[in-house]
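Protein sequence lines, in the order shown, are assigned to chains A and B.
Number 186 in my numbering belongs to position 124 of the first sequence; there are no gaps in the numbering.
Number 180 in my numbering belongs to position 118 of the second sequence; there are no gaps in the numbering.
2 protein chains.
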Amino acid sequence: MPRPSRRDHLIETAITLFCEHGYHATGIDRLLATAGVSKKTMYQHFRSKEELIYAALQQYDSVFRNNFMKAVEDIGKTPEEKLLAIFDVAETWFNGNKFFGCMFINAIGEYSEQESPIRDISKQFKKLMWGYVNGLAKDACVKNHKALADELCLLLEGSIVTAQVSQNPQAAFIAKKMAQRAVQEALA
Amino acid sequence: MPRPSRRDHLIETAITLFCEHGYHATGIDRLLATAGVSKKTMYQHFRSKEELIYAALQQYDSVFRNNFMKAVEDIGKTPEEKLLAIFDVAETWFNGNKFFGCMFINAIGEYSEQESPIRDISKQFKKLMWGYVNGLAKDACVKNHKALADELCLLLEGSIVTAQVSQNPQAAFIAKKMAQRAVQEALA
DNA sequence: ACATAAAGAAACAGATTTGTTTACCTTATT
DNA sequence: AATAAGGTAAACAAATCTGTTTCTTTATGT
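Printed below as a string of structure tokens:
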């Protein structure tokens, strides 16, 4: 059981490929060849491709949010600084060499059905991110912290898509500028 | 030649299905059955599925921007009002019964290759939208109109994704509030 | 070293994909 | 009415997709 388990490695590979090429466009065969894992082993761990997608999204949700929060708290010391550090972390993310937008936004684009588990986990991810920002806003003694969280999260979404589609390397800074105004007004 | 040409009808159907179900998930057979057009006819008009996708995006680009600009100018009378009307138009769009996010954002999620024509047209669409907003900002005598256009476009992207993924019906209003601040500061 | 469990390789099945081709039908125009 | 264009329907091809199965190899624990 030690060693990077086949299961984990499959999920890792799935995240990489689904991010870059999308969900439908990434075939099982290709994924398995990339991971160097046999089909039998995969179907032993996951009942279907959709289950693998789901597991990949779960893992990504956990890892991404953890790293994101750590990075934010590394940059920002005061709660107010942390709120703005969100966009510094975003900037690093966007201008890295393997940025293909948000896995969850992309997932919703391919799986729009209302009751899909993929839909649900994507929505949930955004809710958890909102919860984190809301917590930071509370810590910063923002009276209307919910409204500020709404605004900052929307700015983050906007910067992600702007970086992805328009490929504007300034996306994070544009958002940060508006975030500064939002925080300033929320604290006034 | 029947009145609504087969070509136009195919494009119309393509837009509807690609919007709702995505690009890879929408098979040619299904599209043709929905449109009530034979396969032969389709391949007479479009050399491949990708060409049909491209034509659909072209058509959508034209129709969407035209309708969008008309709607904005219907609501806002002064240039400054028009800048904010963007988000009223967005609100109507989001809360309509067939909103599945932005076709171009979704397209990039499925076709991330750098040199793809699908990528190019999506990027171009955003550029044209930016150009429109930039023009409005100029008309409103905003000194740094480019920066304001950057901000308002990012807010629009953010509201689209927030409405699509988080399904927050307030998305447009949250963005509008920040847009008001942005315009106010740009005019100060 | 041996027994047992796990993984790989590859064939296979069945559905579905894009795209081509063949044969027939409908309809406008001359 | 004959012709020609443009349409449908359906069979077909070849590739690819998800998922199953079989047989073999490789590790691991005792």
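All C-beta atoms, glycine included, are put in the ideal place defined by N, C-alpha and C.
Spatially closest choice to residue i from the options, by CA coordinates
i, options, result
"F130 of chain A", "A:A250, A:A152, A:Q120 and A:E175", "A:A152"
"I183 of chain B", "B:G193, B:W192, B:G197 and B:I170", "B:I170"
"N159 of chain A", "A:Q229, A:A97 and A:Y105", "A:Q229"
"K185 of chain B", "A:V223, A:A209, A:Q186 and A:W155", "A:V223"
"W155 of chain A", "A:A133, A:L119, A:A248 and A:Q176", "A:A133"
"E74 of chain A", "A:S110, A:G84, A:L114 and A:Q106", "A:L114"
"P141 of chain B", "B:Q246, B:Q242, B:Q176 and B:K200", "B:K200"
"Q176 of chain B", "A:S110, A:S124, A:N157 and A:V227", "A:V227"
"L198 of chain A", "A:A250, A:K139 and A:N157", "A:K139"
"C203 of chain A", "A:L216, A:A250 and A:L190", "A:A250"
Within chain B, the residues that residue i reaches when beta carbons sit closer than 7 Å
i, result
"I236 of chain A", "D212, E213 and L216"
"V227 of chain A", "F166, I167, I170, S184, K185 and K188"
"M240 of chain A", "E213, M240 and A244"
Near the ligand SAM: residue i beta-carbon under 8 Å from a heavy atom
i, result
"E153 of chain A", "Absent from the structure shown: the ligand SAM. Ligands present: none."
Spatial neighbours of residue i in its chain, beta-carbon cut-off 6 Å, leaving aside the 5 residues before and after
i, result
"M165 of chain A", "C81 and Y122"
"L79 of chain A", "T88 and L93"
"I180 of chain B", "A169 and Y173"
Beta-carbon neighbours of residue i, restricted to chain A and to distances below 8 Å
i, result
"E247 of chain B", "R243"
Separation of residue j from residue i, as counted between CA atoms
i, j, result
"K188 of chain B", "S67 of chain A", "43 Å"
"L94 of chain B", "I167 of chain B", "24 Å"
"A234 of chain A", "Y194 of chain B", "22 Å"
"A76 of chain B", "L218 of chain B", "25 Å"
"A225 of chain A", "P231 of chain A", "6 Å"
"K205 of chain A", "F162 of chain B", "34 Å"
"L214 of chain A", "H207 of chain A", "10 Å"
"R109 of chain A", "S124 of chain A", "22 Å"
"Q246 of chain B", "L210 of chain B", "10 Å"
"A248 of chain B", "N196 of chain A", "28 Å"
"E135 of chain A", "M240 of chain B", "25 Å"
"P64 of chain B", "Q106 of chain B", "Confidence at P64 of chain B is low in this model, with a pLDDT of 42, below 50, so the placement of that residue is unreliable and no value is reported for it."
"H83 of chain A", "D91 of chain A", "14 Å"
"N157 of chain A", "K101 of chain B", "43 Å"
"L216 of chain B", "R127 of chain A", "23 Å"
Neighbouring residues, chain B, relative to residue i (Cβ below 8 Å)
i, result
"A233 of chain A", "L216"
Amino acids of chain B, ordered along the chain, whose beta-carbon sits closer than 9 Å to that of residue i
i, result
"T224 of chain A", "K188, D212, C215, L216, E219 and G220"
Beta-carbon contacts of residue i that lie in its chain and below 7 Å, excluding the five residues immediately before and after
i, result
"T103 of chain B", "R68"
"G220 of chain B", "A237"
"H71 of chain A", "A97 and V99"
"Y116 of chain B", "P179, I180 and I183"
"Q118 of chain A", "Reading off the sequence shown, one finds Ala at residue 118 of chain A, where the question assumed Gln. Closer than 7 Å at the Cβ level, and outside the excluded window around A118 of chain A, lie I73, A76, I77 and F80."
"Y85 of chain A", "I115, A169 and E172"
"A244 of chain A", "L210, E213 and L214"
Beta-carbon contacts of residue i that lie in its chain and below 8 Å, excluding the five residues immediately before and after
i, result
"I137 of chain A", "E143, K144, A147, D150 and V151"
Name the residues in the region 74-92 of chain A whose C-beta lies less than 9 Å from a C-beta of chain B; which are they?
-> Under the 9 Å Cβ criterion, the region 74-92 of chain A contributes C81, E82, H83, G84, Y85, H86 and A87.
Pull out every residue of the region 126-142 of chain B whose Cβ sits closer than 9 Å to any Cβ of chain A, in chain order.
-> Within the region 126-142 of chain B, no residue qualifies.
Residues of the region 152-184 of chain A with Cβ closer than 7 Å to any Cβ of chain B, in chain order = Residues F162, G163, F166, I167, N168, I170, G171, E172, S174 and S184.
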